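A quick write-up on the structure given underneath.
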Amino acid sequence: MVSQRIVKRTPTKKTLKQSPTSRFHGRRSRSSPLKDIASVPTLVAASIDRSIRSCRRRLIKVFTRLKKRRKKQGFVLLNAAAFPPAEGGEDGPAPPPPPQLQIRRPLPSPACAGRRTLFLDLDETLVHSQTSPPVEKYDFVVRPTVDGQILTFYVVKRPGVEQLLAEAAKHFEIVLFTAGLREYASLVLDRLDPHGEFISHKLYRDSCSEIEGILTKDLSDLGRDLSRVVILDDNPNSYALQPANAVPVAPFLNDLSDRELWRVMEFFAVAGDFEDTRDAVKSFLSTGGKKTEKNPLP
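When the letters of the sequence shown are read in order and numbered with UniProt numbering, they come out as residues 1 to 298.
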């Protein structure tokens, strides 16, 4: 009897190959549990890094949109585009002033009707002050209380300041307009005009307007006709809104040989020859500060 060996064949398992596109469709082959556990810290770190970078990008976008305020130091000239036009054009009336400008009450009417108005600056125009004693000398000391702290200022009067006030009062209504604090400036003015003979009104920092972080002195809403107004100031930003009304003054920095106020006093005689003070300013400046007989009153 021939024995027949029966060999039972076990069917072989087919190995499925991963489709090249399966990793893009969310299908992944199984990996070792140990490998999955080991990769957790790496995945968490990568996720945190992505979140940080995303937050950083958003913060950069936010802060780049924020407008940086300029520092209030020095005479950084303002951009002319920051100021509204003085009069309306063909497209209609001029737009309202920017929101930075404050609405202020006009000054009382002049004691003498029709008299012109002279706006005078204080610091570096009439006086120079500092918290340490000057090397040469000082004229007086004021001690204002600011934010509960007593400060000491040594004040030097500019040569000719008494003569300027006396002469200006003959021709103009004098308004002292300073960007200084009321607590400080009022004490200085009490020494310059102790009996109130010359200065009719006093305006302090709270009467200034702020544009692009810089203080300016807007003369348009103070109840005075701009054709009968002039401002003397050492800071160009102070009269940036009405440059045609300004007689620029060289800054006074404790130079006892300074003669600037005598030059400025020559303008008082010139102003009387013109109906519009802006024409007087233009004529005075065109001649280098010397009196001229051009364009007199008819």
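C-beta atoms are modelled at their ideal positions from N, C-alpha and C, and glycine is treated no differently.
Predicted, not measured: the structure shown is a model, and the values here were computed from it.
Excluding residues up to 5 positions away in sequence, Thr-152, Phe-153, Tyr-154, Val-155 lie with their Cβ nearer than 8 Å to the Cβ of Val-141 in the same chain. Between the beta-carbon of Leu-219 and that of Phe-284 there is about 18 Å, and that puts the pair past the 8 Å contact cut. The bridge partners DSSP lists for Lys-217 come to none. Counting along the chain, the unbroken alpha helix (DSSP H) around Gln-163 starts and ends at 161 to 171. Of all C-beta pairs linking the stretch 176 to 187 to the stretch 200 to 211, three or more are shorter than 8 Å, placing the two stretches in contact. For Val-155, the secondary structure class from DSSP, reduced to helix, strand or coil, is strand. A straight-line Cα-Cα distance of about 8 Å links Asp-273 and Ala-280.
Secondary structure of Ser-207 (DSSP, three-state): helix. For Arg-263, the enclosing alpha helix (DSSP H) begins and ends at 260 to 271. Look at the beta carbons and you see the stretch 134 to 149 touching the stretch 179 to 188: at least three pairs across the two are nearer than 8 Å. The DSSP assignment places complete beta strand (DSSP E) segments of no fewer than 3 residues inside the stretch 125 to 150 at 127 to 130, 140 to 142, in order along the chain. Bounds of any alpha helix (DSSP H) do not take in Ala-246; it lies within the beta strand (DSSP E) bounded by 246 to 248.
Phe-284 carries a helical assignment under DSSP once its states are collapsed to helix, strand and coil. Contact annotation: Asp-234 and Val-249 have beta-carbon atoms nearer than 7 Å.
The beta-carbon distance between Arg-116 and Ala-271, rounded to whole angstroms, is 7 Å. This is short enough to meet the 8 Å contact definition. Closest in C-alpha terms to Arg-158, from the list Glu-197, Asp-276, Trp-262, comes Trp-262. Between Ile-231 and Glu-167, the alpha-carbon positions lie close to 15 Å from each other. Here Leu-192 is buried: its Cβ has 16 or more other Cβ atoms, across all protein chains shown, within 10 Å.
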